[in-house]
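Asker:
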Amino acid sequence: MRRAMSGHYVSSVAGGETVRAFVPVPLPPQPALELIGSRQGALERATLALGRLDSISLLLPDPQLFLYAYVRREAVLSSQIEGTQSSLSDLLLFELDEQPGVPFDDVVEVSNYVAALEHGMARLRDGFPLCNRLLREMHQTLMARGRGADKAPGEFRRTQNWIGGTRPGNAHFVPPPPNEVEACMAALERFLHDDPENPPLPLLLKAALAHVQFETIHPFLDGNGRLGRLLIALLLHAGGALLQPLLYLSLYFKQHRPRYYELLDGVRTQGDWEAWVDFFLEGVEQTATGAVETARRLVTLFQQDGQRVQGTGRGAANLLRVLHSLRQRPLCSLRQIAQRTGISFPTATKAMKALQEIGIARELTGQRRNRVFVYDAYLNILNEGGEAL
Ligand SMILES: Nc1ncnc2c1ncn2[C@@H]1O[C@H](COP(=O)(O)OP(=O)(O)O)[C@@H](O)[C@H]1O
Ligand SMILES: [Mg+2]
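Just so it is clear: in the sequence shown, position 373 is 1005 by my numbering, and no numbers are missing.
1) Can you find the residues in the same chain that come closer than 7 Å, C-beta to C-beta, to Asn950, ignoring five residues on each side of it along the sequence?
2) Measuring CA to CA, which of Leu996, Asn1002, Arg1001, Val655 is closest to Phe805?
3) Per DSSP, which one or two residues make a beta bridge with Ser644?
4) What are the start and end residues of the alpha helix (DSSP H) that includes Glu714?
5) Can you look up Arg961 in the DSSP assignment and give me helix, strand or coil?
6) Work out the CA separation of Ala707 and Arg777 for me, nearest whole Å.
7) Report the rounded CA-to-CA distance for Glu925 versus Leu690, giving the unit in angstroms.
8) For ligand 2, enumerate in chain order all residues having a CB closer than 7 Å to any of its heavy atoms.
9) Might you give, ordered along the chain, the residues of its own chain that have their beta carbon closer than 8 Å to the beta carbon of Ser643, omitting 5 neighbours on each side?
10) Kindly indicate which three-state DSSP category Glu894 falls into: helix, strand or coil?
11) Quick one: residues in its chain with C-beta nearer than 7 Å to the C-beta of Asp738, no 5 flanking neighbours on either side, listed in chain order?
12) If I measure Cβ to Cβ from Val742 and keep anything under 6 Å in the same chain, skipping five residues before and after, which residues do I get?
13) Please give the ranges of any beta strand (DSSP E) in the region 724-757, keeping only runs that are unbroken, at least 3 residues long and fully inside the region.
14) Using DSSP bridges, identify the partner residues of Ile795.
15) So the alpha helix (DSSP H) Ala776 belongs to, where does it begin and stop?
16) Using the beta-carbon count (16 or more within 10 Å), is Thr848 buried or exposed?
17) Give the range of the alpha helix (DSSP H) segment to which Val941 is assigned.
18) Straight-line CA distance for Val844 to Pro890?
19) Are any of the Cβ atoms in chain D nearer than 8 Å to that of Arg635?
20) Below 8 Å on the Cβ atoms is my guess for Gly855 versus Gly797; work out the distance and round it to an integer in Å.
21) Please name the residue, chosen from Phe885, Ala748, Pro761, that lies closest to Met770 on a Cα-to-Cα basis.
22) Apart from the five residues on each side of it in sequence, which residues of its chain come closer than 7 Å, Cβ to Cβ, to Phe934?
23) Can you give me the Cβ contacts of Thr981 inside the same chain, cut-off strictly under 6 Å, excluding the 5 residues immediately before and after it?
24) Out of Phe736, Leu895, Phe846, Arg900, which one is the CA nearest neighbour of Asp910?
25) May I ask you to check if the CB of Asp897 is nearer than 7 Å to at least one heavy atom of ligand 1?
26) Could you tell me whether any non-hydrogen atom of ligand 1 is closer than 7 Å to the CB of Gly639?
27) Quick check: does the Cβ of Ile795 come within less than 7 Å of any heavy atom belonging to ligand 1?
28) Compute the Euclidean distance between the alpha carbons of Leu863 and Thr773, then round it to the nearest angstrom.
29) Taking only heavy atoms of ligand 1 into account, decide whether any of them is closer than 7 Å to the Cβ of Gly669.
30) Since Thr619 and Leu868 are thought to touch, with beta carbons under 8 Å apart, how far apart are those beta carbons, to the nearest angstrom?
31) Return helix, strand or coil for Pro834, following the three-state DSSP convention.
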């Protein structure tokens, strides 16, 4: 549905140029979101898929393990949308913190993303509400190390920013002037907390609308895309749809990036929230269904490999311990495996060799010392769909 533009322009100064900055009207959309026929159906399908995804965190043998892998996969994909080059194995290598030579700035960015999400989750667990203060705290973590460190971590911006273009004057889009950011974000926070003046919206729609509004406000100097995507996951968790933050739309957004950006524009210029919501709900259904499928395949893989190892006869107990360790960290060093499993270094070395021989583990570095092993089949399942992962 087309409405009038969902905000107004004011003049603002950026980089010595006067530009037209866009100030959005607070959510929810007026007139209200059109929830007829096919859109209602899409909402139901997305909600059902989300419910199935949520149930796996109760049914999986080791949900934390799935969360560990999924959060990292999301961190890589969300950071890749705007050009960060790190892969999932770069991140896992970096986290081993024994491996020099991984391109530092990129991987630190991805690692910060994991930390920001974990910080957000920990605060919510402690009963802190999902509010602007929490978003600022997460931004601080997201920008703490690497390139973001000079981008005012943890603070709403005090200068005018712009999106696209080489300078403010030819920007694709200029978000609100800095003196409007606080008010825009306060309004968004009220919307998140179910303003009693407005009828409550289904959680998925709330997340869909909040993400766009956040991107339109672009309250930080950098990291708005990543934080806006984290907001979706946290909102679904805080609102009770997901026990664990397991829904991540970054792969979908990455695969449809031009459309993603076009729809953000469409909301602003034509008030077309409906087209965005349709795209978003389709993404939720696809992603949640895909995540359930991934979990199922991981469980099968773990069962099959467990059986293969058991079939090796003598020494299988140690092999199983090492295999278990690889399930928890699909990339790891022998020292860590020895530490984690409590078996001796030589025994771990021998067991790993056996796992290599039956094709479960592979050595990554080609070196004789500080070797790193990878559980290939596991990593491959996680990598699917994100080519550059
Ligand atoms: N036309 C647009 N309108 C509003 N938001 C946009 C538009 N194009 C891109 N974006 C959002 O801006 C993000 C980039 O902003 P930025 O602050 O650099 O975030 P990050 O550093 O996390 O990528 C994109 O990931 C996307 O979410
Ligand atoms: Mg950026």
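By construction, the Cβ of each residue, glycine as well, lies at the ideal position given by its N, Cα and C atoms.
What you are looking at is a predicted structure, and each value in this text was computed from that prediction instead of being measured.
Answerer: From the atom records:
1) Ile975, Thr979, Ala983
2) Val655
3) Val651
4) Counting along the chain, Glu714 falls outside any alpha helix (DSSP H), and DSSP gives it neither H nor E.
5) coil
6) 15 Å
7) 15 Å
8) Glu714, Asp854, Gly855, Gly857
9) Thr650, Val651, Arg652, Ala653
10) helix
11) Thr716, Gln717, Ser718
12) Ala707, Val708, Ser711, Ser718, Leu723
13) none
14) Phe805
15) No alpha helix (DSSP H) holds Ala776; DSSP gives it neither H nor E.
16) buried
17) 905-942
18) 15 Å
19) Absent from the structure is chain D; it holds one protein chain and no more.
20) So it is not a contact: roughly 19 Å between Cβ atoms.
21) Ala748
22) Arg959
23) Leu966
24) Leu895
25) yes
26) no
27) yes
28) 14 Å
29) no
30) Outside the modelled stretch of the chain, which goes from 633 to 1021, sits residue 619, for which no answer is possible.
31) coil
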